[in-house]
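Enquirer: Going down the list, the sequences are from chains U and S.
Okay, so the first sequence: first residue is 4 according to our numbering, each after it adds one.
Okay, so the second sequence: first residue is 3 according to our numbering, each after it adds one.
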Amino acid sequence: MGTINYNHIKKLILGLFFVFAFSSLIAQEHQEETIKVEEFNITEMIMHHIGDSHNFHILDWNGHPLSISLPIILWTDNGLVTFMSNEFHHDEKGTVVVEKGNQRFTLFHGKIYYANDTKNSNGEYITLDYENHPKNLKVIDLSITKNVFSMFLSIIVLIILFLAAARSYKKSNNNMPSGIAKFIEPIIIFIRDEVAIPNIGEHKYRKYMPFLLTIFFFIWLNNIFGLIPFFPFSSNLSGNIGFTFTLALLTFIITTVVAKKNYWKHIFWMPGLPVPMKIFLAPIEFIGMFVKPIALMIRLFANITAGHVIVLSLISLIFILKTVWISPASVIFTVFISVIEILVVAIQAYIFTMLSALYFGQALEEEH
Amino acid sequence: MDLVTPDIGLIFWTTLSFLILLFILGKFAWKPILNSVNDRETSILKALKEAENAREEMKNLTANNERILKDARIEREAMIKEARDIKVKMISDAKEEAKITADAIISQAQEAIKNEKKSAMADLKSQMASLSIEIAEKVVKEELSNKDKQLKLVEDMLNDSTLN
Numbered sequence: 004m005g006t007i008n009y010n011h012i013k014k015l016i017l018g019l020f021f022v023f024a025f026s027s028l029i030a031q032e033h034q035e036e037t038i039k040v041e042e043f044n045i046t047e048m049i050m051h052h053i054g055d056s057h058n059f060h061i062l063d064w065n066g067h068p069l070s071i072s073l074p075i076i077l078w079t080d081n082g083l084v085t086f087m088s089n090e091f092h093h094d095e096k097g098t099v100v101v102e103k104g105n106q107r108f109t110l111f112h113g114k115i116y117y118a119n120d121t122k123n124s125n126g127e128y129i130t131l132d133y134e135n136h137p138k139n140l141k142v143i144d145l146s147i148t149k150n151v152f153s154m155f156l157s158i159i160v161l162i163i164l165f166l167a168a169a170r171s172y173k174k175s176n177n178n179m180p181s182g183i184a185k186f187i188e189p190i191i192i193f194i195r196d197e198v199a200i201p202n203i204g205e206h207k208y209r210k211y212m213p214f215l216l217t218i219f220f221f222i223w224l225n226n227i228f229g230l231i232p233f234f235p236f237s238s239n240l241s242g243n244i245g246f247t248f249t250l251a252l253l254t255f256i257i258t259t260v261v262a263k264k265n266y267w268k269h270i271f272w273m274p275g276l277p278v279p280m281k282i283f284l285a286p287i288e289f290i291g292m293f294v295k296p297i298a299l300m301i302r303l304f305a306n307i308t309a310g311h312v313i314v315l316s317l318i319s320l321i322f323i324l325k326t327v328w329i330s331p332a333s334v335i336f337t338v339f340i341s342v343i344e345i346l347v348v349a350i351q352a353y354i355f356t357m358l359s360a361l362y363f364g365q366a367l368e369e370e371h
Numbered sequence: 003m004d005l006v007t008p009d010i011g012l013i014f015w016t017t018l019s020f021l022i023l024l025f026i027l028g029k030f031a032w033k034p035i036l037n038s039v040n041d042r043e044t045s046i047l048k049a050l051k052e053a054e055n056a057r058e059e060m061k062n063l064t065a066n067n068e069r070i071l072k073d074a075r076i077e078r079e080a081m082i083k084e085a086r087d088i089k090v091k092m093i094s095d096a097k098e099e100a101k102i103t104a105d106a107i108i109s110q111a112q113e114a115i116k117n118e119k120k121s122a123m124a125d126l127k128s129q130m131a132s133l134s135i136e137i138a139e140k141v142v143k144e145e146l147s148n149k150d151k152q153l154k155l156v157e158d159m160l161n162d163s164t165l166n
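1) Taking the beta strand (DSSP E) that Thr121 of chain U falls in, what are its first and last residues?
2) Would you say Ile49 of chain U and Leu315 of chain U are within 8 Å of each other, going by their C-beta atoms?
3) Taking Val6 of chain S as the reference, give the member of U:Pro277, U:Asp55, U:Ile194 with the closest Cα.
4) What does a CB cutoff of less than 6 Å around Lys122 of chain U pick up in its chain, not counting 5 residues either side in sequence?
5) With H, G and I counted as helix, E and B as strand and the rest as coil, what does DSSP make of Phe70 of chain U?
6) Could you check the C-alpha separation between Ile70 of chain S and Lys207 of chain U for me, to the nearest Å?
7) On the premise that Ile192 of chain U lies in contact with Val39 of chain S, defined as a C-beta separation below 8 Å, what is that separation, rounded to the nearest angstrom?
8) Using a beta-carbon distance below 8 Å, is Ile70 of chain S in contact with chain U?
9) Report the residue ranges of all beta strand (DSSP E) runs contained in full by the stretch 75 to 129 of chain U; include only those spanning at least 3 residues, in chain order.
10) Apart from the five residues just before and just after Glu205 of chain U, which ones in its own chain have a Cβ nearer than 8 Å to its Cβ?
11) By the DSSP assignment, the beta strand (DSSP E) with Trp64 of chain U in it spans what residues?
12) Could you check whether the Cβ of Ala169 of chain U sits closer than 8 Å to any Cβ belonging to chain S?
13) Please report the Cβ distance between Ile76 of chain U and Met87 of chain U, rounded to the nearest whole angstrom; I am assuming they are in contact, meaning their Cβ atoms lie under 8 Å.
14) Report the option in U:Gly229, U:His57, U:Arg195 whose CA atom is closest to the CA atom of Ile345 of chain U.
15) Grab me the residues of Met292 of chain U's own chain with a C-beta within less than 7 Å of its C-beta, minus the 5 sequence neighbours each way, in chain order.
16) On the DSSP bridge list, what partners appear for Leu2 of chain U?
17) Going by C-alpha to C-alpha distance, which of U:Phe111, U:Met212, U:Tyr117 sits closest to Asn135 of chain U?
18) Hey, does Arg42 of chain S have any beta-carbon neighbour from chain U nearer than 8 Å?
19) Are the beta-carbon atoms of Ile147 of chain U and Leu83 of chain U separated by less than 8 Å?
20) Count the other CB atoms within 10 Å of the CB of Ile323 of chain U; is the residue buried (16 or more) or exposed (fewer)?
21) If the cut is a Cβ gap below 7 Å, which residues of chain U does Ala31 of chain S touch?
22) Measuring alpha carbon to alpha carbon, tell me which residue in U:Leu145, U:Phe221, U:Val100, U:Tyr211 is nearest Phe199 of chain U.
23) Under the rule that 16 or more other beta-carbon atoms within 10 Å means buried, what is Asp9 of chain S, buried or exposed?
24) So the candidates are U:Thr98, U:Ile318, U:Ala349; which of them puts its Cα closest to the Cα of Pro232 of chain U?
25) What residues in its chain sit with their C-beta under 8 Å from that of Ile203 of chain U, if we drop five residues either side in the sequence?
26) With a threshold of 6 Å on Cβ separation, who are the neighbours of Ile340 of chain U within its own chain once the five nearest residues in sequence on each side are excluded?
27) Alpha carbons only, please: which of U:Ala352, U:Ala118, U:Thr98, U:Phe221 is nearest the one belonging to Thr16 of chain S?
28) Mapping the DSSP letters down to three states, classify Ile143 of chain U as helix, strand or coil.
29) Spatial neighbours of Ser109 of chain S within its chain, please: C-beta separation below 8 Å, excluding the five flanking residues on both sides.
30) With a threshold of 8 Å between beta-carbons, can Leu50 of chain S be considered close to chain U, or not?
31) How would you list, in chain order, the residues of chain U whose beta-carbon sits under 9 Å from the beta-carbon of Leu1 of chain S?
32) Please confirm if Leu63 of chain S has its CB atom under 8 Å from at least one CB of chain U.
33) Is the beta carbon of Met280 of chain U less than 8 Å from the beta carbon of Thr247 of chain U?
34) DSSP on Ala74 of chain S, reduced to helix/strand/coil?
35) Count Cβ pairs between the stretch 326 to 335 of chain U and the stretch 167 to 177 of chain U that sit closer than 8 Å; are there 3 or more?
36) Where does Ile354 of chain U sit, in a helix, a strand or coil, going by DSSP?
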C-alpha cells in the first residue's frame with residue numbers, strides 16, 4: 004500500500020511541476036515583450052551564498068544590505084592587524100582601501116589583498132592578470148569570517164548541550180538520563196555500539212570515543228546550522244573545503260600516529276603475496292593511505308555544498324524563468340530537498356565518523 | 003576554484019576550535035556521560051544476574067521445601083503406623099494380662115469355694131451325726147418305754163425293708 008501511495012504522490016508532484024513549468028514558459032513569453040529584467044547572474048549568487056564572507060549578511064532593507072560586521076584579523080609583514088569588516092563598506096570589488104599603520108588593504112571577491120597605491124581604470128586598487136585573477140599579494144587572513152562565527156556558535160551550543168547532559172547524570176543518583184541527555188544518550192550509545200566497537204574493537208575503542216563523538220556532533224550540528232536559512236545560521240561551514248580538510252587531516256594524523264606494525268606491513272609489504280605483487284601493491288597502498296582522508300574530505304564537502312546548491316538553484320528558478328508562477332514548484336521542491344537534506348546531513352556526519360572509526364580500526368589491527 | 007581552495011584562516015580556526023571542543027567535551031561531557039552509561043549497564047547486568055541467581059535459589063528452596071514436606075509426610079505416616087501398632091499391642095497385652103489375672107482370681111475363688119464347701123460339708127456331717135445321735139437317743143428312750151410301740155416299730159421297719 005505504501006508504495007502505491009508514494010507513487011501517487013510522485014505523479015502528483017511531477018504533474019504539478021510540468022503544469023507550473025509550462026504555464027511559466029507561456030507567462031515568460033508575455034513578460035519578455037513588456038518588462039526588461041535586470042541581468043541576474045545565478046552562478047555568482049550561488050557561489051556567494053556557499054562561500055565564506057567577512058560580514059554576516061542578514062537581509063536587504065530598501066536596497067540597503069543589513070549585515071553584521073565581523074572582526075578582521077590579518078597576519079601581515081608588520082605583525083597582527085585588526086579592524087571591523089564594515090570599514091570596507093560592503094565592498095568586494097577592491098574599490099575601497101583600508102589603511103592601517105602604513106599598510107593598505109582591499110577586499111576583492113572575498114579575499115583581502117595588499118592594495119595598490121593608485122586605482123586602475125575600473126576604480127580597483129588591484130592589478131589583474133589576463134585571466135582576471137589579482138596579481139597583488141594576499142594577506143594571511145585569520146579573520147572571524149561568517150563560517151568561523153558559525154563554528155564558534157556551534158561550539159557554544161555543543162558545550163552548553165553536552166555539559167547540561169553530563170550534569171543531568173550527576174544529579175540523578177542511579178545514572179539515569181534526564182532532559183536533553185535522554186535525547187543524546189541513544190545517539191552516544193549508537194556511536195559506541197554501531198560505530199566504535201565493531202570497527203575498532205571491544206578493548207581499544209574507549210580511547211577513540213571522545214574524538215568520534217565530538218566529530219560526529221560537531222559535523223552534524225554544523226550541517227544542521229547550514230540548513231537553517233537565516234541569521235545566525237545559514238553559513239555553509241561543513242560544505243567548506245577548509246573545514247572538511249581540517250577534520251580529515253585530524254583523522255589522518257590520528258590514524259598514522261596510532262598505527263601498529265601490521266598496518267605499515269599491509270602498506271609496504273603486503274603479507275601472503277608473491278614478491279612482484281608486493282612491489283606492485285606498495286605504491287598503490289601508499290597512495291591509498293592519503294586517498295582515504297582525501298575522500299573523507301571531499302565527500303563531506305561535496306555532499307553539503309551540493310545540498311546548498313540544489314536549494315539555491317531551485318529558488319533561482321524564479322529568477323531564471325523570470326516569473327512568480329514557478330514559485331510553487333520551487334517551494335515544493337525546496338521543501339522536498341530540505342527534508343532529504345535533513346536526512347543527508349545526519350548520514351554524512353555518521354559516514355564521516357564511521358569511516359574515521361574504520362581507519363582507526365585498520366591502523367590498530369593486530370597480526371592474525 | 004575558490005570553492006576547492008582551503009582558506010588558511012578557516013583551517014586555523016577549525017583546528018583550534020575542534021581541539022578546544024574535543025578537550026572540553028572529552029573532559030566534562032564524554033567522560034562523565036560514558037562512565038554513567040557504563041556504570042548503569044554494569045549495574046543492570048549485575049541486577050539481572052542477581053535476579054537470575056535469586057530465581058535459581060528460589061527454585062532450589064521450593065524443591066527443598068517439597069522434599070522436606072515429603073519427608074515430614076513420610077515420617078508422620080510412619081509415626082501414625084507405629085502408634086497404631088503400639089496401641090494394638092498395648093490393647094492385646096492388656097487383654098492378655100487381664101485374662102491371666104482373671105483366670106488366677108477365678109481359680110483362686112474356685113479353690114476357696116471348694117475348700118469352704120469341704121469344711122462346710124464336714125461341719126454339717128459332724129453336726130448331723132451328733133443331732134442324729136441325740137434324736138436317736140430321745141426316740142429310743144421314748145419308744146422303749148412302751149411295749150406296744152416297740153413292737154410296732156419293729157413291724158414297720160420290717161415292712162419298709164420288704165418294700166425296698
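For glycine and all other residues, C-beta sits at the position ideal for the given N, C-alpha and C.
Expert: With the given structure in hand:
1) Here Thr121 of chain U belongs to no beta strand (DSSP E), and DSSP marks it neither H nor E.
2) Taking 8 Å as the Cβ cut-off, Ile49 of chain U and Leu315 of chain U qualify as a contacting pair.
3) Checked all of U:Pro277, U:Asp55, U:Ile194; the closest Cα to Val6 of chain S is U:Asp55.
4) The residues are Tyr128.
5) This sequence places Ser at residue 70 of chain U; Phe is not what is there. Note: Ser70 of chain U maps to strand in three-state DSSP.
6) Near 53 Å, if we compare the C-alpha coordinates of Lys207 of chain U and Ile70 of chain S.
7) Right, the Cβ-Cβ distance comes to about 7 Å (below 8 Å), so this counts as a contact.
8) Answer no: the Cβ-Cβ gap between Ile70 of chain S and chain U never drops below 8 Å.
9) With a minimum length of 3 residues, the continuous beta strand (DSSP E) runs that stay inside the stretch 75 to 129 of chain U are 82 to 87, 96 to 103, 106 to 111, 114 to 117.
10) Nothing listed; no residue qualifies.
11) Here the beta strand (DSSP E) through Trp64 of chain U covers 58 to 64.
12) True, the Cβ-Cβ gap to chain S drops below 8 Å.
13) About 11 Å separates the two Cβ atoms, so there is no contact after all.
14) Of U:Gly229, U:His57, U:Arg195, the smallest CA-CA separation from Ile345 of chain U is found for U:Gly229.
15) Result list for Met292 of chain U: Ile270, in chain order.
16) The question about residue 2 of chain U has no answer, for chain U in this structure spans 4 to 371.
17) Just measuring C-alpha positions, the residue of U:Phe111, U:Met212, U:Tyr117 sitting nearest Asn135 of chain U is U:Phe111.
18) It does; some Cβ of chain U falls within 8 Å.
19) Between Ile147 of chain U and Leu83 of chain U, the C-beta spacing is not below 8 Å.
20) Flag for Ile323 of chain U reads exposed.
21) The answer, in chain order, is Phe165, Leu166, Ala168, Ala169.
22) For the sequence presented, residue 199 of chain U should be read as Ala rather than Phe. Distance from the Cα of Ala199 of chain U is smallest, within the candidate group U:Leu145, U:Phe221, U:Val100, U:Tyr211, for U:Tyr211.
23) Using a 10 angstroms sphere on the CB of Asp9 of chain S, the tally of other CB atoms reaches 16 or more, which defines it as buried.
24) Closest in alpha carbon position to Pro232 of chain U, among U:Thr98, U:Ile318, U:Ala349, is U:Ile318.
25) Around Ile203 of chain U: Tyr211, Ala360, Phe363, Gly364, Leu367.
26) So the list reads Ile313, Val314, once near-sequence residues are dropped.
27) If we check each option's Cα against that of Thr16 of chain S, U:Phe221 comes out closest.
28) If DSSP states are grouped into helix, strand and coil, Ile143 of chain U belongs with the strands.
29) Same-chain partners within the cutoff: there are none.
30) It does not: the Cβ of Leu50 of chain S has no partner Cβ on chain U nearer than 8 Å.
31) With chain S running from 3 to 166 in the structure shown, residue 1 of chain S is simply not present.
32) Not one chain U Cβ lies under 8 Å of Leu63 of chain S.
33) If you check the CB distance, Met280 of chain U and Thr247 of chain U do not come in under 8 Å.
34) Under the three-state reduction of DSSP output, Ala74 of chain S falls in the helix class.
35) The stretch 326 to 335 of chain U, when compared against the stretch 167 to 177 of chain U, does not touch it at the 8 Å Cβ threshold.
36) Reduced to three states, the DSSP call for Ile354 of chain U is helix.
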